[in-house]
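One structure is given below, encoded as structure tokens.
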Amino acid sequence: MEFNSEITKSDKIIILLRTGFKFIRGIWKRLFLSEAHGLLLIGRHVTISHARHIRCGRNVKFEDYSEIHGLCKEGLIFGDNVTIGRGVMIRPSSYYGGDLGHGLVIGNNSSIGPHGYIGCSGPINIGNNVMIGPKCSLFAENHVFNDSSKSIKSQGVKQKGITIGDDCWIGSNVIILDGVTIGSHVVIGAGTLVTKDIPNNSLVLDKRNKTISDMETK
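Numbered per UniProt numbering, the sequence shown spans residues 1 to 218.
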């Protein structure tokens, strides 16, 4: 572990102690996972259910109060150096087995910021080196509501899935809806509602999903 040169000795001790407790929890939790490599750090009050569907690479961190629900068709796969922030909820399926979702793949060196929601009932694939800010929500499912003679709940759902390429920065409070593909090297500004595909090398700044190139030509 490398420390910033400005961090004091007492602060380093506090960090090491906190990390040590996470390491000890990780030793216990990894026994129940389908697969885990290298270091696994588990924060306080982390909930991991259906762990046999979860695979972790090296140096994976689940921070305090995160909730990792593993019950799904394709499992939850976390690459190397992945961080799941404080209070993040990953839910592919209902808690009581009423439905069974697809799952999540998140690539190397990627992170999900605090208090995010990853609804991976449809497949969600997140690439390498992706930074997802605090309070972001991904919904890989959409209710069918075409028949007004039936309740929306009874008409079921569509699950097209969400794909995010490599080297993306997604700002805080971004919402990404089902069926969206985001290319590589994309920056999405805070508070954006993403409802359509975003090509590679784009900068999205507003809630209408207009990229810089779109705005320059209109």
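Backbone N, C-alpha and C fix where the C-beta goes; we use that ideal spot for every residue, glycine too.
> Who are GLY119's beta bridge partners in DSSP?
Replying inline: In the DSSP output, where bridge partners are listed per residue, GLY119 has ARG91 and PHE139.
>> Once DSSP output is grouped into helix, strand and coil, what is the label at HIS50?
In response: The three-state reading of DSSP puts HIS50 in coil, since its state is none of H, G, I, E or B.
> According to DSSP, what are the bridge partners of VAL157?
Replying inline: Under DSSP, VAL157 forms a beta bridge with HIS143.
> Using the C-alpha atoms, what's the distance from ARG18 back to GLY193?
Replying inline: Contrary to the premise, residue 193 reads as Leu rather than Gly in this sequence. Rounded to the nearest angstrom, the two C-alpha atoms are 36 angstroms apart.
> Which class does residue 276 belong to by DSSP, given the choice of helix, strand or coil?
Replying inline: This structure cannot speak to residue 276, because the chain is shown only from 1 to 218.
> Which residues in the same chain have their Cβ closer than 7 angstroms to the Cβ of ARG44, if we skip the five residues on either side of it in sequence?
Replying inline: Closer than 7 angstroms at Cβ, skipping near neighbours: ASP64.
> Taking Cβ to Cβ, would you say residue 256 is nearer than 9 angstroms to GLY70?
Replying inline: Residue 256 cannot be examined here, being either before or after the span of the chain that is shown, 1 to 218.
> Rounded to a whole number of angstroms, what is the C-alpha to C-alpha distance between ARG91 and VAL186?
Replying inline: The alpha-carbon atoms of ARG91 and VAL186 are separated by roughly 25 angstroms.
> How is SER111 classed by DSSP in three states: helix, strand or coil?
Replying inline: DSSP places SER111 in strand when its eight states are reduced to three.
> What residue from PRO199, SER93 and VAL174 has the CA that sits closest to HIS115's CA?
Replying inline: Closest in C-alpha terms to HIS115, from the list PRO199, SER93 and VAL174, comes VAL174.
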